[in-house]
Amino acid sequence: MAKEVSNIIEFTLIYNRHKVYLFNYVKKMVNNLSAAEDIIQIVFLKFYENLELIREKDKCEFWLFKTARNEVFNYYRSKKNKASCFENADTDEILPIDDEGTEILFDRKEMNSIIMNELNSFPDEQRDVYLLKEYSGLSYKEIAGLMNIDEELVKSRLFKIRRKLADKVSKILFYGVKS
Numbered sequence: 562m563a564k565e566v567s568n569i570i571e572f573t574l575i576y577n578r579h580k581v582y583l584f585n586y587v588k589k590m591v592n593n594l595s596a597a598e599d600i601i602q603i604v605f606l607k608f609y610e611n612l613e614l615i616r617e618k619d620k621c622e623f624w625l626f627k628t629a630r631n632e633v634f635n636y637y638r639s640k641k642n643k644a645s646c647f648e649n650a651d652t653d654e655i656l657p658i659d660d661e662g663t664e665i666l667f668d669r670k671e672m673n674s675i676i677m678n679e680l681n682s683f684p685d686e687q688r689d690v691y692l693l694k695e696y697s698g699l700s701y702k703e704i705a706g707l708m709n710i711d712e713e714l715v716k717s718r719l720f721k722i723r724r725k726l727a728d729k730v731s732k733i734l735f736y737g738v739k740s
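Position in the sequence shown (from 1) plus 561 gives the number in the working numbering.
Laid out in structure tokens, this is it:
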């Protein structure tokens with residue numbers, strides 16, 4: 562009984578520490594609030610079921626993100642619509658309802674939409690690295706561990722995708738040109 566209580570406490574602490582970052586990552590990957598909630602629930606259910614098997618609790622973040630990533634892939638396999646996975650991204654930001662706030666909200670949504678549409682054209686491995694870094698806040702080392710690649714490769718992929726995004730977004734914003 563004491564071990565079960567200890568597991569519940571440990572699970573709750575880990576859940577509270579990682580739920581927001583994990584949810585943001587999954588939400589950007591599936592672009593569907595309901596599906597993201599379902600996937601997160603599955604991930605944490607699997608985590609709880611395997612809690613005793615996970616040896617290093619301080620490194621459970623890798624396990625959680627890797628499981629989330631696998632569940633996202635399962636989601637798309639079941640839906641058969643991976644091609645449109647990053648279209649029409651939404652934001653849940655609450656801004657004041659005035660002209661300036663409305664303009665800022667519109668600009669952010671438009672910029673987010675442009676970026677997410679551009680991300681859809683990149684290879685999966687580049688897109689995953691970008692989303693893990695920008696929306697989940699993971700370190701280079703953590704991303705490298707999750708994706709089983711070298712930390713320098715993570716940095717290289719991030720540099721390349723950021724440069725490509727900046728180039729494409731600036732062309733769209735300043736020249737109205739989609740390349």
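A virtual CB, placed ideally from N, CA and C, is assigned to each residue, including glycine.
Contact fails between the region 567 to 576 and the region 584 to 593, because fewer than three Cβ pairs, one in each stretch, are under 8 Å apart. By the neighbour-count definition (other C-beta atoms within 10 Å, threshold 16), Ala629 is a buried residue. In the three-state reduction of the DSSP assignment, Gly706 falls in the helix class. Straight through space, the alpha carbons of Asn678 and Lys729 are spaced by roughly 11 Å. Tyr576 is the residue among Tyr576, Asn593, Val591, Ser731 whose C-alpha sits nearest the C-alpha of Lys607. Less than 8 Å separates the beta-carbon of Glu632 from that of Ile603. Three or more beta-carbon pairs separated by less than 8 Å link the region 684 to 691 to the region 710 to 725, which places the two stretches in contact. DSSP places Ser595 in the uninterrupted alpha helix (DSSP H) bounded by 594 to 610. Counting along the chain, the unbroken alpha helix (DSSP H) around Asp689 starts and ends at 685 to 695. Here Tyr696 has Asn585, Tyr586, Lys589 as same chain residues with Cβ atoms under 6 Å from its own Cβ, once five neighbours each way along the sequence are excluded.
Annotated three-state conformation of Asp728 is helix, per DSSP. Of the residues assessed, Ala597 falls on the buried side of the cut-off, its CB having 16 or more other CB atoms within 10 angstroms. With respect to the 8 Å criterion, Leu714 and Phe623 are not classified as neighbours on the basis of their beta carbons.
Counting the other Cβ atoms within 10 Å of the Cβ of Glu703 gives 16 or more, which makes it buried. Within the same chain, and ignoring the five residues on either side of Lys580 in sequence, the residues whose Cβ sits closer than 8 Å to its Cβ are Ile601, Phe605. One alpha carbon belongs to Leu574, the other to Val566, and they sit about 12 Å apart. Cα atoms of Ser682 and Val591: separation of roughly 15 Å, rounded to the nearest angstrom.
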